[in-house]
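To keep things clear, I will list the structure first and then write my remarks on it.
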Amino acid sequence: MGVPTAPMTTMRFAELVHNYAYSKGMPNERFTFVPHPVTGMPAATCREYLLGKDPISGKPVIDSVVEALTKPLSDDDMKTGQIERPVERFLQPDTEENLHRLFLENGLTDGLPIVVPTQERVEAMLAATSHKPDEIVGKMQASSPHPAWSYTVEQVAVNAVMAGCDPEYFPVVLAIASTGVPALFTSTTSFTRAVVVNGPIAKEIGMNSSTGAMGPFNHANATIGRAWTLMSKNLDGGGKIGETYMGSQGNNLNYNNICFAEKEEALPEGWSPFHVQKGFKADESVVSLFNGWGLIRPDTSFSKDLAPQMPYWLQFTPFTSATLYLDPVVVRQLVSEGFDTKEKLSQYIFDNSKLTAKSFWGDYYHVQNFILPNAKKGTEPYASWLKLADDELVPRFRDPQRINVLVVGGEMNLFWQASDLGYMVSASIDKWK
Amino acid sequence: MRKLMGLLLALALLTSFLAGCGPQPTPVVVKETVEVPVEKIVEKTVEIPASEQLITVHNPSGNPPPIELVPMAPRLDTLDGKTIYIVDVGFTDTHQLFTEMASIMGEKYPKTKFEVRTKAGTYFDNDPALWDEVKAKGDGMIMGVGH
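Note that the protein sequences, when read in sequence, are chains A and B. Going by numbering that gives the first Met the number 0, the residue at position 251 of the first sequence is 250; the numbering climbs one at a time, nothing skipped. Going by numbering that gives the first Met the number 0, the residue at position 13 of the second sequence is 12; the numbering climbs one at a time, nothing skipped.
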C-alpha cells in the first residue's frame, strides 16, 4: 500500500504475527503488543494498556507505535528478492527409536506413535493409486492468512503410512487431500472436522457404519481420519501451537475427525445417501467433509413423536449449521411420523427452530462478530432484521440445506446424536484409485 | 699451536672417512627368504540389533512456497503536520482501545491529525474503499487489534 503502518495486536498473538509477516515477505514488520485480551475490556483498562509497556518488547506502547512509524528503515527492511524454502525428500538415516523421537519432537505427529514412513512402506502405499508419485494433489493452508503449501501424491502417501493406513485406504486419503481442507484450523475457538464416506468403497475397505462406527473400533475409520490430521500438520505447516494453531482449548475430536461411513443399506426409500444429495451418483465413492465444534446426545422421550422434540436440542449458535447422526431405528420412527425424505426433516427443523430478534442480536458472540458488521454494512436480509421488533422471529439456520442428515449406527436403541458441524465439500474417491 | 691444529684437522678427516663420507663400497645383494605370518581370514556374520540399524524415511512435509520479500514503506521523519489513520479491524468489543489511542496520541502530538475508522464488514473482510482513503489522505496508519 506504500503507507507506513504500525500494526498492533495482543501479546498472545506475537508468534503468529511474526511468523505471518515473515511468510508474507516482511520479516521486520514493526509490531506493538498490548496485554491480552482487549475484547470486552472497559475504556479505562484499554487506556492503562496504552500508557503501559509492550509486554513483549518492554518499551512503552505509545513510543513503540511512534517508532514503528518514524524510525528510519534499515537495508534489511528494504530488501527485495526471494527466499526459497526447498524440502528434502528424505530425512537423515537414523535408528527407528531416534526417528520416532525426531517426528514427535518436531511436531510431525499427533502425539501418538506413528508408523515410520520407510521407502518400502511408502512404495506399497503408492501402489494403491494409478497416479504418479510426483503429481501435485492440491494446496492447503493452515488458515486463511497463511500461505498455501502444495503437496504431491508421494507426500500424501508418507502421511497415510504414518497414520497406519492400509494401502487400500489410500484413494480415500487422496480424495481428502484433494479438497485442500486442513483438519486443524487455527481459529481460537478450536474447530473439529468430520469426514464421512459414501459409496461402494466403504464396504470394500471394511469401514464401520454400524455399532460403534463413531468410536475407536475400526482400523479404516481410525486411520483415515487420523491421516487427515497428520496431513494438516505436515503438508501445510499447520498445527504448530502459537504459530499456525491458536485453538484455546483444542478439540479432542481432531484425533480422527469423526471419520465413519454412512449406513446406506439402512436408508429407507426416499432417503438419499448423503453423496447423492450432493449431486454424485449412488455407485460413486465419495468423501464429504464437515466443520464445527462438537457433538451432543439429545435426551429425547421415546413416548412422544420424535421430530417435534428435535428443534429444542438443536438450539445452536445462529447461522452455524447442524448435522444429525441418526441411528436407523430413529430413521424408521421419523418415517412413521411422515418424514419420507431427509429434506423434509431438514425443512421441518428449519421452520421450527426460529428465535427472537432480541436473542439473535443480543446473545451470541458469533452473530456480533460475523453477522452484525454485515447488517450494519447494509447486507440483506440482516440489515432488515436489525429493524425487527424484539419479539419477531428470525431463522436460527441460514437455510434448510444447512441441516445435514446422516444415518449411522447399530440399531441398539432409539438414540441419535447431533453436532453444530456444517457441510464443507465433497470429493470423488474413484478419481484417485 | 699450529702443529696441534694440523693434528686435529687430520684426525677429523680420518673420522669422517671412517663414518662413510668418502667413496661408497659397492653393495652386495643377498637374497633371503623371510617368512611373514599371514592371518587366516574367517568370514563372520555380526548381527546389528534392529534397534541400532539405520533406516531411511521420507520427509512428511509439503512444499512451502518461496517468500517474496516486500520492502517496507518509507517512514515519516516526524508526526507533526501529518494525518495518521487509526484503523479498528472490527473485532467485537475492542473499539474502545482505538478511541483511547486517539485521545492519548492527540494529547501527545497536538500538531498531528488522528482519524479513527472501523474497517467495514467483519474482521476477515477486505475494505478497499478505506485503503483508498488512507492512501489519498493519510501519511501513516496504526492498525489493530484482534482479541
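Positions of the beta carbon are idealized from the N, C-alpha and C atoms, including for glycine.
Measure how close the beta-carbons of residue i and residue j come, nearest whole angstrom, since I'm counting them as under 8 Å.
i, j, result
"A:A174", "A:V286", "5 Å"
"A:S247", "A:G238", "So it is not a contact: roughly 15 Å between Cβ atoms."
"A:E261", "A:V407", "6 Å"
"A:A306", "A:L333", "6 Å"
"A:N253", "A:T191", "5 Å"
"A:G241", "A:E14", "4 Å"
"A:V433", "A:E410", "It is not possible to answer for residue 433 of chain A, since the shown part of chain A is limited to 0 through 432."
"A:W292", "A:S358", "A:W292 to A:S358, Cβ: 20 Å. No contact."
"B:K202", "B:G137", "Residue 202 of chain B lies beyond the residue range present for chain B, which begins at 0 and ends at 146; the question has no answer from this structure."
"A:A382", "A:A374", "5 Å"
"A:M206", "A:F259", "7 Å"
"A:K376", "B:G120", "6 Å"
"B:P65", "A:E379", "In fact, because the Cβ distance is near 43 Å, the residues do not count as touching under 8 Å."
Can you tell me whether residue i is buried or exposed? The criterion is at least 16 other CB atoms within 10 Å of its CB, across all chains shown.
i, result
"A:F338", "buried"
"A:E336", "exposed"
"A:F301", "exposed"
"A:E263", "buried"
"B:K39", "exposed"
"A:M245", "buried"
"B:E99", "buried"
"B:L78", "buried"
"B:P127", "exposed"
"B:T44", "exposed"
"A:P317", "buried"
"A:P435", "This structure leaves residue 435 of chain A out entirely; chain A is present only between 0 and 432."
"A:P272", "buried"
Please state if the CB of residue j and the CB of residue i are separated by a distance shorter than 7 Å.
i, j, result
"A:T79", "B:H146", "no"
"A:F289", "A:Y422", "yes"
"B:V56", "A:P116", "yes"
"A:P394", "A:K353", "yes"
"A:S418", "A:T319", "no"
"A:M7", "B:V144", "yes"
"B:V133", "A:V2", "yes"
"A:V152", "A:H130", "yes"
"A:T185", "A:A141", "yes"
"B:I83", "B:G139", "yes"
"B:Q95", "A:A226", "no"
"A:N97", "B:P59", "no"
"A:T243", "A:G249", "no"
"A:N255", "A:A201", "no"
"B:L129", "A:P92", "no"
"B:E42", "A:T94", "no"
"B:A101", "B:I85", "yes"
"A:I257", "A:A193", "yes"
"B:F97", "B:G105", "no"
Who are the near neighbours of residue i in its chain, counting only those whose CB is closer than 7 Å to its CB and skipping five residues on each side?
i, result
"B:R74", "none"
"A:N351", "P310"
"A:E283", "G198, H274, S427, D429"
"B:Y122", "V88, G89, F90"
"A:D75", "N27"
"A:A5", "R29, T31, V64, A67, L68"
"B:E67", "none"
"A:S208", "A201, F259, A260, E261, K262, V407"
"A:P54", "M10, F32, P34"
Excluding sequence positions up to five away, which residues of its chain have a Cβ less than 6 Å from the Cβ of residue i?
i, result
"A:A426", "A174, S177, T178, V286"
"A:D390", "T355"
"A:P144", "Y19"
"A:Q416", "L294, R296, Y324"
"A:K432", "P170"
"A:Q308", "T299"
"A:L229", "N158, M161, A162"
"A:K52", "P59"
Note down, in chain order, each residue of its chain lying with its Cβ closer than 8 Å to the Cβ of residue i, except the 5 sequence neighbours on either side.
i, result
"A:I204", "D165, E167, Y168, V171, A219"
"A:G137", "S149, Y150, A176, S177, T178, G179"
"A:L49", "V33, V60, I61"
"A:V37", "T9, C45, Y48"
"A:L90", "L98, L101"
Within the 7 Å Cβ cut-off, does residue i reach chain C?
i, result
"B:E106", "Going by chain labels, chain C is absent from the structure shown, which instead holds the protein chains A and B."
Taking 6 Å as the cut-off, does the CB of residue i come closer than this to any heavy atom belonging to the ligand PLP?
i, result
"A:P92", "Absence of the ligand PLP from the depicted structure is noted, as is the absence of any ligand whatsoever, leaving it without description."
**Item:** Three or more C-beta pairs below 8 Å linking the segment 342 to 357 of chain A and the segment 391 to 402 of chain A
**Value:** yes
**Request:** Would you be able to state if there are at least three C-beta pairs under 8 Å between the segment 89 to 107 of chain B and the segment 106 to 117 of chain A?
**Result:** no
**Asked** Counting pairs of beta carbons, one from the segment 59 to 66 of chain A and one from the segment 22 to 42 of chain A, are three or more of them closer than 8 Å?
**Response** yes
**Request:** Check whether the segment 148 to 159 of chain A touches the segment 116 to 127 of chain A, counting contact only when three or more Cβ pairs, one atom from each stretch, lie closer than 8 Å.
**Result:** yes
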